[in-house]
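*Asks:* Below are the structure tokens for one structure; questions will follow.
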Amino acid sequence: MEALGMVELNSIAQGIAAADAMLKAANVHIIKSQPVCPGKYVIIISGGIADVKTAVQVGNNAGGINAIDSMIITSVHEDVLPAITGCVELSGVEALGIIETFSLSQALVSADQAAKSGNISLMDIRLATGLGGKSFVLLTGSASAVSASISAAVQARGEDSMIVNTAVIPAPHKELAAMLQ
Numbered sequence: 440m441e442a443l444g445m446v447e448l449n450s451i452a453q454g455i456a457a458a459d460a461m462l463k464a465a466n467v468h469i470i471k472s473q474p475v476c477p478g479k480y481v482i483i484i485s486g487g488i489a490d491v492k493t494a495v496q497v498g499n500n501a502g503g504i505n506a507i508d509s510m511i512i513t514s515v516h517e518d519v520l521p522a523i524t525g526c527v528e529l530s531g532v533e534a535l536g537i538i539e540t541f542s543l544s545q546a547l548v549s550a551d552q553a554a555k556s557g558n559i560s561l562m563d564i565r566l567a568t569g570l571g572g573k574s575f576v577l578l579t580g581s582a583s584a585v586s587a588s589i590s591a592a593v594q595a596r597g598e599d600s601m602i603v604n605t606a607v608i609p610a611p612h613k614e615l616a617a618m619l620q
């Protein structure tokens with residue numbers, strides 16, 4: 440996968456229509472197309488860079504005033520897609536890192552930045568479903584790698600960041616670690 444794109448809308452009806460328009464406009468694949476809290480709709484796609492750019496533009500245009508956020512990651516880290524879809528297999532959890540955001544796009548960009556910044560594994564990217572509009576990223580690795588990756592993700596976003604909070608648990612209890620895998 441070369442690129443990842445996302446369009447977020449504040450209308451479920453317009454979100455479904457935008458997803459259809461995006462698929463018809465470019466050679467992309469839908470990773471997620473679903474309602475999220477609170478009453479929004481998210482479309483996440485993958486494909487070649489030009490196709491993803493075209494599809495995101497078409498999705499924004501189709502959504503009109505209901506399109507509230509969008510983003511493109513042109514060279515997405517290979518761990519991001521499995522973390523979005525819940526298809527991550529880990530042999531264990533060393534240190535646990537958490538990045539909590541107010542924005543779906545911020546969670547995706549933060550996860551990508553964290554994965555590119557250190558020797559960590561993404562565990563999960565939860566996008567606003569049942570979270571009151573918040574999203575979060577879980578990652579694991581050595582305590583120092585997790586801390587460095589979270590710091591890099593926070594610094595990359597700057598003062599305009601929608602990151603709510605972060606945490607590093609150097610040695611999570613085995614019951615908690617098993618529940619999060």
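Heads up, the sequence shown is in the working numbering, so the first residue is 440 and it goes up one at a time.
Glycine included, C-beta positions come from ideal geometry on N, C-alpha and C.
Expressed to the nearest angstrom, what Euclidean distance is found between the alpha-carbon atoms of Ala553 and Ile451?
*Replies:* Their Cα atoms are separated by approximately 30 Å.
*Asks:* Which one of Gly486, Lys463, Gly498 and Ala489 has the shortest CA to CA distance from Leu480?
*Replies:* Sequence inspection shows Tyr at residue 480; the Leu mentioned does not correspond to that position. Here the closest residue by C-alpha is Gly498.
*Asks:* Helix, strand or coil for Glu539? Go by DSSP, reduced to three states.
*Replies:* Looking at Glu539 - three-state DSSP - the assignment turns out to be strand.
*Asks:* Can you tell me whether DSSP reads Ala506 as helix, strand or coil?
*Replies:* Looking at Ala506 - three-state DSSP - the assignment turns out to be strand.
*Asks:* If you draw a straight line from the alpha carbon of Glu539 to that of Gln496, how long is it in whole angstroms?
*Replies:* So the alpha carbons of these two residues sit roughly 27 Å apart.
*Asks:* Helix, strand or coil: which one does DSSP assign to Leu619?
*Replies:* Three-state DSSP puts Leu619 in a helix.
*Asks:* Does the Cβ of Met618 have 16 or more other Cβ atoms within 10 Å, making it buried, or fewer, making it exposed?
*Replies:* That one is exposed.
*Asks:* Once the 5 residues before and after Lys573 are set aside, which same chain residues still bring their CB inside 8 Å of it?
*Replies:* Contacts found: Glu539, Thr540, Phe541, Ala567 and Val603.
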